[in-house]
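Residue numbers (the working numbering), protein chains in the order written: chain A, 7 to 359; chain B, -1 to 138.
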Amino acid sequence: MGYVAVSGGSEAIEASIRLLDYYRSGTDKDLDIETVAEKLSLLVDRVMGEAGLYSKTYAALALKQCEGCIEEAVFLLRAYRSTLTRNYYSNVLDSNNMRVVRRISSAFKDIEGGQILGATYDYTHRLINFEIGSEDAGALRMNVLEELNSQRPEEIAPCPRVSDELKKEGLIETVLPDKAEPFDITENLLEYPADRSARLQTLSRADTGFLSGLAYSSLRGFGGAHPTVGELRTGYVEVNVPYLFDEAQEIYLGEVLITEVEIFSEADDEDKLKLAVGYGAVFGRNENKAIAAAILDRELETGGPYPSQNEEFVLTHGDSLEMSGFLSHLKLPHYVTFQSKLDAVRKTRGGKA
Amino acid sequence: MEKKLVTKILARADRAEAANLAFKYKESCRIAVVREPSKTLAMLKMREPVKGRLFYIGEVVVSEAIVELDGVRGMAVTMGDDFEKTFDMAVIDAAINKGIFCEEEALLELGRLQELFEQRENAMHLKTMVSFNSMDQEVK
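This is the structure in structure tokens:
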């Protein structure tokens, strides 16, 4: 493929960018950032996850700026993060002690700590509620806060992992914590075979649709996994870093909402005496993505002939920024390359005439 | 008080609450700014339960500041981009380090209210706890 520089068009490009404001304005009603962040929180979660940057406010702002386009919003956040220094690395997040808001298991009906449905659309009728179109937002908020304030406070207790119970029984392999520092895909080029830390980081910030489609292909037969969701847990996890003037102490920066999934499947070892586990963790309440990541983690561990089992296929093609960038570049002028294709077709036709 | 407890309360406080706790020290002490409040990133490290491997789940936007209060340093790092609050948190940290912070009780009361809010939220979530009844006696 050949490329050629072209000039001109700057006035049209400027007018095109101004025209975006016309499309973005839409109505004289404003969409404030807090409204987007708090009322479209699942969309915001998805953008934060695919950007690999946890900031509800900036994700909401990015969505407002680009008319709600997920890949543009991810692009804006990634571009912005690249302008910031990274002065801190957190202490290891303790997701065992997460403040759980949802936690279910499809493997066991009775689990220690209980199955907590939390806020889920799983059991809704999926009928459009036309009343929401004209609801009083202030009254709605007041009602839910009244309900909150009428609650009898309940101590927050950590929920043990379902897999820990199976580890105690020897049904899942128990491993010692690995002390090696993780690979960082934001600073290093991914190489294959990829380190497990690189795989999990890549899956965490991959495009939700890409992971879901691949995991679905695996479940439909183009792969080996037919897993059971051992545990799906969503909750708030504390972010702490060492205190600058006394590293023996830590300080609390805030908390992030994450979803973790462990899927159980048959082990691929000869004896089949243990269960195998796949793991996925993502920002926010993006649980289908977390399930898909866990399925793909397991598929990549076993390997095989299908796309979902091919490490390079899965880890290279799921990045929102890279995939949308590559597809977008097709919209740029390809006049010379296309002319050469056209010439080739004309020559062939000429030769046959 | 442990830094973790203080910062946990202040991080969850709103701007006005942090400003109230810092007000006295900003009025009565000489404050030099060592590092202006500014944005930076913190990379979040997690450990996965399958192989025990550490990995990065992503980054978070934080604000940081360092001040000197009558010659004693204090610092703050907190999620978000509220520079005023970050500055006030650094002032409070310096006041604690200097041993002149006397709003402990107010701070702890704020923490108790925050805990109460979370416990009430928790109660709403626990009401969604289900007990599935198996129709097959063999399923545990």
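Ideal Cβ placement from N, Cα and C applies to all residues, glycine included.
Where the beta strand (DSSP E) containing residue i begins and where it ends
i	result
residue 266 of chain A	252 to 272
residue 310 of chain A	Taken as a continuous stretch (DSSP letters only), residue 310 of chain A belongs to no beta strand (DSSP E), as it is neither H nor E.
residue 1 of chain A	Chain A is shown from 7 up to 359; residue 1 of chain A falls before or after that span and cannot be answered.
CA-to-CA distance, residue j to residue i, given in whole angstroms
i	j	result
residue 156 of chain A	residue 51 of chain B	43 Å
residue 49 of chain A	residue 68 of chain A	12 Å
residue 104 of chain B	residue 12 of chain B	14 Å
residue 91 of chain B	residue 84 of chain B	11 Å
residue 352 of chain A	residue 15 of chain A	30 Å
residue 7 of chain A	residue 212 of chain A	Any answer about residue 7 of chain A is weak, because its pLDDT of 49 lies below 50 and its placement is not dependable; what the coordinates show is given next. Going from the Cα of residue 7 of chain A to the Cα of residue 212 of chain A covers about 29 Å.
residue 64 of chain A	residue 123 of chain B	28 Å
residue 294 of chain A	residue 123 of chain A	15 Å
residue 138 of chain A	residue 33 of chain A	19 Å
residue 169 of chain A	residue 269 of chain A	9 Å
residue 17 of chain A	residue 49 of chain B	56 Å
residue 305 of chain A	residue 53 of chain B	19 Å
residue 51 of chain A	residue 28 of chain B	42 Å
residue 341 of chain A	residue 78 of chain A	26 Å
residue 167 of chain A	residue 319 of chain A	31 Å
residue 191 of chain A	residue 207 of chain A	7 Å
residue 35 of chain B	residue 60 of chain B	10 Å
residue 103 of chain A	residue 86 of chain A	31 Å
residue 301 of chain A	residue 0 of chain B	41 Å
residue 43 of chain A	residue 350 of chain A	53 Å
N-terminal and C-terminal residue of the alpha helix (DSSP H) that residue i is part of
i	result
residue 102 of chain A	Element bounds for residue 102 of chain A: n/a, residue is neither H nor E.
residue 163 of chain A	Premise fails: residue 163 of chain A is in no alpha helix (DSSP H) and is neither H nor E.
residue 25 of chain A	16 to 31
residue 114 of chain B	102 to 124
residue 120 of chain A	Residue 120 of chain A -> no alpha helix (DSSP H), and no H or E assigned at all.
residue 155 of chain A	143 to 155
residue 23 of chain B	13 to 26
residue 331 of chain A	326 to 335
residue 210 of chain A	202 to 210
residue 71 of chain A	62 to 71
residue 49 of chain A	47 to 57
residue 169 of chain A	168 to 174
residue 95 of chain B	81 to 96
Residues that residue i bridges to, as DSSP identifies them
i	result
residue 61 of chain B	B:37 and B:76
residue 44 of chain B	A:99 and B:53
residue 246 of chain A	A:258
residue 238 of chain A	A:110 and A:267
residue 31 of chain B	B:65
residue 92 of chain A	B:39
residue 127 of chain B	A:122
Are at least three pairs of beta-carbons, each pair with one atom in the segment 102 to 117 of chain A and one in the segment 227 to 240 of chain A, less than 8 Å apart? yes
By the 8 Å beta-carbon criterion, what residues does the segment 24 to 47 of chain B contribute toward chain A? 37, 38, 39, 40, 41, 42, 43, 44, 45, 46 and 47
For the 8 Å Cβ check, are there 3 or more pairs between the segment 64 to 74 of chain B and the segment 89 to 97 of chain B? yes
Three-pair Cβ contact test at 8 Å for the segment 310 to 330 of chain A versus the segment 241 to 251 of chain A: no
Touching by the beta-carbon criterion (3+ pairs, under 8 Å), the segment 275 to 290 of chain A and the segment 246 to 256 of chain A: no
Decide yes or no for the touch test of the segment 119 to 139 of chain A against the segment 191 to 201 of chain A: beta carbon pairs closer than 8 Å, at least 3 of them. no
Selection of the segment 99 to 119 of chain A by Cβ proximity to chain B, strictly under 8 Å: 99, 101, 105, 106, 107, 108, 114, 115 and 116
Okay, do the segment 80 to 92 of chain A and the segment 35 to 55 of chain B touch, 3+ Cβ pairs below 8 Å being the bar? yes
Any contact of the segment 160 to 180 of chain A with the segment 12 to 23 of chain B, i.e. 3+ C-beta pairs under 8 Å? no
By the 8 Å beta-carbon criterion, what residues does the segment 135 to 167 of chain A contribute toward chain B? 153, 154, 155, 157, 158, 159, 160, 161, 162 and 167
Check whether the segment 25 to 43 of chain A and the segment 69 to 80 of chain A are in contact - that is, three or more C-beta pairs closer than 8 Å. yes
Near-chain A residues of the segment 55 to 88 of chain B (beta-carbon distance less than 9 Å), N- to C-terminal order: 55, 56, 57, 58, 59, 60, 62, 64, 71, 72, 73, 74, 75, 76, 77, 78 and 79
Quick check: the segment 220 to 230 of chain A against the segment 306 to 315 of chain A, are at least 3 beta-carbon pairs closer than 8 Å? yes
Below 7 Å between beta carbons is the criterion; list the residues of the segment 78 to 96 of chain A that meet it against any residue of chain B, in chain order. 87, 90, 91, 92, 93, 94, 95 and 96
For the segment 194 to 214 of chain A, which residues have a CB atom closer than 7 Å to at least one CB atom of chain B, in sequence order? 202, 203, 206, 207, 210 and 211
Residues in the segment 246 to 269 of chain A with C-beta within 9 Å of chain B's C-beta atoms, listed in sequence order? 246, 247, 249, 250, 251, 252, 255, 256, 257, 258, 259, 260, 261, 262, 264, 266 and 268
Against chain A: residues of the segment 112 to 135 of chain B by CB proximity under 7 Å: 114, 116, 117, 118, 119, 120, 121, 122, 123, 124, 126, 127, 128, 130 and 132
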